[in-house]
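Numbering (UniProt numbering), first residue to last: 1 to 304. Cβ coordinates follow ideal geometry from the N, Cα and C atoms, glycine included. None of these values were measured; they are calculated from a predicted model. Have a look at the structure below before the remarks.
Laid out in structure tokens, this is it:
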């Protein structure tokens, strides 16, 4: 019985190669099509809240702040919304003192287990509100861009603009070149020298670093007091440091502008002349009153 030629064993090497599996190609194409879409970059505030939430969740509360906290008593910075006060020593805490650390004064935890749950819920709520706000801002910006594009419709017959060419990446590969030179000896020979130059990488623009907030240091343990006795002649003297401060008087004509003591045409000379005239007028009035009184006494004695 005659058999088909395809059933015979072939001697060609190409016939021995197994056909590629089409199913594996389909599966790989499906996997490539189901790749996750990269998420947009998170904002600085969202990263801060996520880091704070993770720190509070993983914190025990007894860890000290490596930056020693802040002792401004909420005078330089706003009051902390998570731990506004230490329940052990009563220290007022500002927003620089993070809730995952202990009190910078007594080094005791700033919260109990119940308070910790409340702080976590508060941070979680702030994080959710911030994400919702940024999503709403993004959708609003997209809607405004869509409205702006709809105000200027494009004609169907116009040619679409060509896409801008992609920027050419810089060539960072080292380049080599050869130099041919002739010797100055009797026998002129050609010398070939090869050189290789490595291009310098482009300088990367440095991102501005975030400014560190100014922290008020811990007050000294020793109480500041005056180590010398006060002078009986000057009991008001400041013995702890800092001398007296001169406060100039106001002008006599009712002007509250202060003079600096210089004898200029508009300042001290006019004030001094005005004072002299006033003093002379006062002395003249006092003399007239005295003569009048003397005349009255003499008249009274004559009548007697």
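CB contact flag (residue i, residue j, <8 Å)
i	j	result
residue 80	residue 109	no
residue 107	residue 67	no
residue 219	residue 77	no
residue 237	residue 248	no
residue 88	residue 103	yes
Coil, strand or helix - residue i by DSSP
i	result
residue 56	helix
residue 231	strand
residue 121	helix
residue 46	helix
residue 135	helix
residue 147	helix
residue 95	coil
residue 250	strand
residue 79	strand
residue 51	helix
Enclosing beta strand (DSSP E) for residue i [first to last residue]
i	result
residue 195	190 to 197
Beta-carbon contacts of residue i that lie in its chain and below 8 Å, excluding the five residues immediately before and after
i	result
residue 222	none
residue 46	127, 130, 131, 134
residue 116	56, 61
From the options, residue whose alpha carbon lies closest to that of residue i
i	options	result
residue 226	240, 216, 217	240
residue 58	43, 73, 119	119
residue 175	147, 195, 190	195
residue 43	133, 229, 234, 217	133
residue 90	96, 277, 105, 98	105
residue 75	236, 180, 96	96
residue 49	180, 179, 86, 124	124
Own chain, CB closer than 6 Å to residue i, minus 5 neighbours either side, in chain order
i	result
residue 72	94, 216
residue 192	178, 180
residue 82	99, 119
residue 55	100
residue 228	239
Residue-chain proximity (residue i, chain C), Cβ-Cβ < 8 Å
i	result
residue 112	Note that chain C does not occur in the displayed structure, where there is just one protein chain.
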